[in-house]
Amino acid sequence: MSRDAFCPRCGGPLEQRYVEGRDRQVCSRCGRIHYQNAKPCACALVVRDGRALLVRRAIEPFYGYWDIPGGFLEAEEHPADCAVRELEEETGLRIRLTALLGIYVDAYGPEDGYTLNIIYLAEVVSGEPRPASDASELAWFAPHELPSDLAFRSDYRALEDWQRAMRGEFTPMALTSGNPVGHPEPEGAD
């Protein structure tokens with residue numbers, strides 16, 4: 006994973022030390038521990054007629070691999086809002102979140118740190134699917150048709166959970182209405 010060379014607080018050099026049961030970067034000048042925290046992401050697995058929508062990545066990391074649409078949260082953005090925003094940006098679809106599929110920790114490429122992926126299930130409210138600048142292709146996949154070239158471990162885990170849910174072996178967490186309390190339904194929702 007990516008390692009910084011200098012402390013963001015005082016500019017002192019960072020060094021590896023064993024702290025709190027792990028190897029961590031610590032400032033040799035001020036003693037601040039530089040934690041490698043996971044960055045929060047939100048995704049939505051859109052399902053229509055028993056098929057899940059995936060995007061083929063047109064950006065690194067994992068250019069050309071299939072991925073569940075989503076992205077990084079903006080400052081003070083709720084994960085549900087992020088998932089809805091990212092889906093519209095990447096696919097042109099307006100969606101309604103229906104359940105929380107799961108939360109998955111993953112690595113974002115070889116040098117870019119860790120992600121905390123909050124993955125929702127969703128349904129289409131309006132729009133026609135079209136790939137955006139960060140996706141070269143969109144496709145719907147039945148559980149038995151899922152591609153083997155997925156971008157992230159979290160994609161594999163989430164799609165396994167979706168398959169388990171389709172077989173009745175797993176129940177995703179229901180949302181209060183379709184979006185969390187205080188977050189309005191997208192325009193055009195029932």
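The numbering of the sequence shown is the working numbering, which starts it at 6 and goes up by one.
No residue lacks a Cβ here, since even glycine has one placed at the ideal position from N, Cα and C.
All values reported here derive from a predicted model rather than from experimental measurement.
- For residue 159, the enclosing alpha helix (DSSP H) starts and ends at 158-171.
- For the 9 Å CB-CB criterion, residue 113 and residue 66 form a contact.
- Taking C-beta atoms under 8 Å as the contact rule, residue 100 and residue 122 fail to qualify, at a distance of about 17 Å.
- When C-alpha distances from residue 42 are compared across 75, 117 and 132, the shortest belongs to 117.
- Taking C-beta separations shorter than 8 Å and ignoring five residues to either side along the sequence, the partners of residue 74 in its chain run 48, 49, 51, 58, 59, 60, 91, 92, 95, 96 and 140, following chain order.
- In the three-state reduction of the DSSP assignment, residue 86 falls in the helix class.
- Nearest to residue 157 by alpha-carbon distance, out of 40, 62 and 169, is 62.
- When secondary structure is reduced to three states using DSSP, residue 98 falls in the coil class, being assigned neither helix nor strand.
- Residue 86 sits away from residue 155, with the two beta carbons spaced by 9 Å or more.
- Between residue 133 and the set 35, 53 and 46, the nearest pair of CA atoms involves 53.
- A residue is called buried once 16 or more other Cβ atoms fall within 10 Å of its Cβ, and residue 21, having fewer, is exposed.
- Rounded to the nearest angstrom, the Cβ distance from residue 129 to residue 102 is 12 Å, too far for a contact under 8 Å.
- One Cα belongs to residue 120, the other to residue 32, and the distance between them is close to 24 Å.
- Inclusion of residue 177 and residue 166 in the CB contact set at 9 Å is warranted, their separation being smaller than that value.
- Bounds of any beta strand (DSSP E) do not take in residue 15, whose DSSP letter is neither H nor E.
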